[in-house]
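Sequential numbering from 298 applies to the sequence shown in this note's numbering.
Each remark here refers to the structure printed beneath this line.
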Amino acid sequence: MQAKRIIDFLKEISANNNREWFLAHKDEYEIVRKDFEEGVSIAIARLSTFDPSISHLTVKDVTYRFYRDIRFSPDKSPYKRHLGVYISAHGKKSLHGGYYLHLEPGHCMIACGNYYLPTKILNAVRNTIIARIEEFSPLVDNNNFHKYFPEGFGYAKLKSCPIGFPKDFLYMDYLRAKDYCCWHYVDDNFFEGDGWLDEFEKICRIAKPLMDFANDIIDDYE
């Protein structure tokens with residue numbers, strides 16, 4: 298991808314987030330969009346080499362509109378300030394976990410896992426972790442996982458033990474997580490060219506066992 302060109306455009310739209318500016322620079326947006334989508338297509342192909350469940354997905358299946366839904370938002374900016382893609386075998390609106398790429402000036406990242414789980418399903422995952430702790434712990438407590446995901450997993454966490462769970466459970470951090478997502482921040486130039494694919498694959502391979510564990514439970518509810 299031409300990551301620098303994409304990031305530069307996103308900086309401009311952040312500073313000029315209005316319809317007039319966008320229409321005047323729509324040709325540049327179309328170039329950026331096309332280049333980003335080509336990168337997404339390559340990412341899907343690379344992920345498919347070790348996760349064939351997502352091989353049927355197209356770029357359209359995994360990308361989002363650049364136009365914001367401002368109906369219920371106090372921020373009336375019409376355009377997003379980032380480009381993101383969620384590659385999930387069951388679709389980007391499903392609970393089934395997947396791989397997420399995010400390009401935003403100063404906040405580029407790669408993430409993997411399951412986000413925004415309903416309480417019933419979240420508790421089912423927690424109960425399964427307790428029952429299968431000897432299987433689960435090595436998935437997230439190993440050198441590679443700590444290296445790439447130093448904050449562990451759980452983008453949002455409870456401050457204490459969730460209601461109804463044993464307060465003396467040895468691995469309480471596993472239960473306090475409100476999602477089973479892990480993320481790795483990268484530099485703005487990470488996605489430049491094609492050299493990022495090897496590192497991208499490595500990061501996703503390391504995160505995949507956590508996602509697979511949660512998906513095995515979540516899929517029973519979808």
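Built from N, CA and C at the ideal position, the CB exists for glycine as well.
Item	Value
Beta-carbon proximity of Val356 to Ser374, cut-off 8 Å	no
Counted within 10 angstroms of its Cβ, other Cβ atoms place Lys444 as buried (16 or more) or exposed	exposed
Among Ile430, Ile514, Lys505, nearest to Asp348 - alpha-carbon criterion	Lys505
For Leu400: DSSP bridge partner residues	Leu380
Exposed unless 16 or more other CB atoms sit within 10 angstroms - verdict on His404	exposed
Cys501 in three-state terms, based on DSSP	helix
Neighbourhood of Tyr361 by C-beta, 7 Å cutoff - its chain only, sequence neighbours within 5 removed	Gly381
The stretch 391 to 408 touching the stretch 467 to 484, judged by at least three CB pairs closer than 8 Å	yes
Sufficient close CB pairs (3 or more, under 8 Å) joining the stretch 382 to 399 to the stretch 312 to 319	no
Residues near Trp493 by beta carbon distance below 7 Å, same chain, minus five either side	Phe487
Check whether Leu307 and Leu400 have beta carbons under 8 Å apart	yes
Beta-carbon proximity check, Phe450 vs Leu507, cutoff 8 Å	yes
DSSP beta-bridge partners of Ala408	Tyr397, Trp480
Tyr468 (DSSP reduced to helix, strand or coil)	coil
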